[in-house]
Amino acid sequence: MDKWIVWDKKFEVGYKRIDDQHRELINIINDLHAASELGDLYNSEARDKFKIVLKRTVDYATYHFATEEKIMKAVHYKYFKEHISKHREFSSKVLENVIKYTNGENVDMDDFIVYLRDWLFSHIIGEDKNFVDELKNTLEKMKEEDERLK
Numbered sequence: 001m002d003k004w005i006v007w008d009k010k011f012e013v014g015y016k017r018i019d020d021q022h023r024e025l026i027n028i029i030n031d032l033h034a035a036s037e038l039g040d041l042y043n044s045e046a047r048d049k050f051k052i053v054l055k056r057t058v059d060y061a062t063y064h065f066a067t068e069e070k071i072m073k074a075v076h077y078k079y080f081k082e083h084i085s086k087h088r089e090f091s092s093k094v095l096e097n098v099i100k101y102t103n104g105e106n107v108d109m110d111d112f113i114v115y116l117r118d119w120l121f122s123h124i125i126g127e128d129k130n131f132v133d134e135l136k137n138t139l140e141k142m143k144e145e146d147e148r149l150k
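Residues 1 to 150 (the working numbering) make up the sequence shown, in order.
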């Protein structure tokens with residue numbers, strides 16, 4: 001089966017742990033997209049499968065954001081508050097749609113999945129690349145300082 005989203009080097013931020021997590025998020029969104037094509041997402045077995053992948057999406061995004069935020073805090077990232085604000089906005093929108101869907105309300109899941117993809121791409125290329133650039137600079141300065149103190 002062809003993947004809906006294919007990883008591209010342009011999405012690499014240059015920090016392996018975060019790049020690996022971004023790849024996994026893309027894999028999960030691909031799984032969500034595939035699950036959305038299994039049938040009626042409101043009245044069938046497809047709904048159960050879709051809900052499992054939807055939960056995995058939420059859980060992994062939460063884990064990923066926690067990882068990034070822990071690193072940001074450790075290096076005193078200057079745009080920490082702004083960056084986590086983006087994470088919270090995203091999480092809030094996702095949770096809102098998940099709750100509506102779980103309660104049987106009509107949610108256009110195709111639009112929702114496109115939103116997940118587009119937000120992730122935009123966030124990686126924008127905020128995450130900026131964060132990792134600063135992270136690398138901070139780590140390099142710390143290394144230079146350690147060398148100087150030896």
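Think of the CB as a built atom: it goes at the ideal place given N, C-alpha and C, for glycine as much as any other residue. Remember, it's a predicted structure, so these values are computed and weren't measured experimentally.
- Counting only residues of its own chain and dropping the five nearest sequence neighbours on each side, K3 has a CB closer than 7 Å to the CB of N30.
- Segment contact: the region 14 to 25 against the region 63 to 71, three or more CB-CB distances shorter than 8 Å; contact assigned.
- Judged by DSSP secondary structure, H76 falls outside any alpha helix (DSSP H); it is assigned neither H nor E.
- Taken through DSSP and simplified to helix, strand or coil, Y42 comes out as coil.
- Inclusion of V132 and Y42 in the CB contact set at 8 Å is not warranted, their separation being larger than that value.
- Going by DSSP, N27 is part of the alpha helix (DSSP H) stretching over 16 to 36.
- Put simply, the region 124 to 143 does not touch the region 94 to 113. Fewer than three CB pairs are less than 8 Å apart.
- Under the 10 Å beta carbon count, T57 is surrounded by 16 or more other beta carbons and is classified as buried.
- Between G126 and K9, the alpha-carbon positions lie close to 15 Å from each other.
- DSSP places G126 in the helix class (H, G or I) of the three-state scheme.
- For K49 against A35, the beta-carbon gap comes to about 5 Å, under 8 Å, which counts as contact.
- Shown here for H87: same chain residues with a beta carbon closer than 8 Å to its own, the five before and five after excluded, namely F65, E68, E69 in chain order.
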